[in-house]
Amino acid sequence: MHAIEDGYLQGLIADEAYRVHQEIESGARPIVGVNRFVSEETPPEIATYELDAEGRDLQLKRLAKVRAERDSATAKSSLAALSRAAEGNDNLMPKLIDCANAYCTVGEMVSALKAVWGEFQQPVVF
1 MHAIEDGYLQ
11 GLIADEAYRV
21 HQEIESGARP
31 IVGVNRFVSE
41 ETPPEIATYE
51 LDAEGRDLQL
61 KRLAKVRAER
71 DSATAKSSLA
81 ALSRAAEGND
91 NLMPKLIDCA
101 NAYCTVGEMV
111 SALKAVWGEF
121 QQPVVF
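Under this note's numbering, the residue at position 71 of the sequence shown is numbered 71, and the numbers go up by one with no gaps.
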């Protein structure tokens, strides 16, 4: 555990990633399309999906409807059970399934877990 907390493993991963990157940049590690047989053509424009205001409003209304129609007591007790399980070494999957069956949102489940464990902070490794 100390190796993880101290960032030792993360340091090993970072060192290896740097070494591989140097090999790719120098050409010692050939990758087709990156440093070998690279096309001079401009890549085609790829259309990406953007949610418009109407779609956003529709989804927010659907979410509000689900929250209004669900059994709030069951949702709260499922989230509380998830938090209690996260404080120990219990298997969280059954609790997550209970939360989903109670129509808890992913955000609510994540918030319950963050309240117990906090939010991950990437260790700084040199």
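Glycine residues also receive a C-beta, built at the ideal position from the N, C-alpha and C atoms.
Only counting the same chain, and skipping five residues up and downstream in sequence, which positions put a Cβ closer than 6 angstroms to that of residue i?
i	result
residue 46	none
residue 95	81, 82, 85
DSSP puts residue i in a beta bridge; with which residues?
i	result
residue 32	36
Thinking just about the alpha-carbon of each residue, which of the options is nearest to the one in residue i?
i	options	result
residue 115	39, 86, 101, 103	86
Could you spell out where the alpha helix (DSSP H) holding residue i opens and where it closes?
i	result
residue 99	93-101
residue 109	106-117
residue 74	72-87
residue 15	8-26
For residue i, which residues of its own chain have a beta-carbon under 7 angstroms away from its beta-carbon, when the five flanking residues on both sides are left out?
i	result
residue 99	78, 79, 82, 109
residue 27	35
What does the alpha-carbon distance come out to for the pair residue i and residue j?
i	j	result
residue 32	residue 14	24 angstroms
residue 1	residue 22	30 angstroms
residue 5	residue 113	19 angstroms
residue 44	residue 53	28 angstroms
residue 17	residue 56	39 angstroms
In chain order, what residues of the same chain have a beta carbon less than 8 angstroms from the beta carbon of residue i, not counting five sequence neighbours either side?
i	result
residue 74	102
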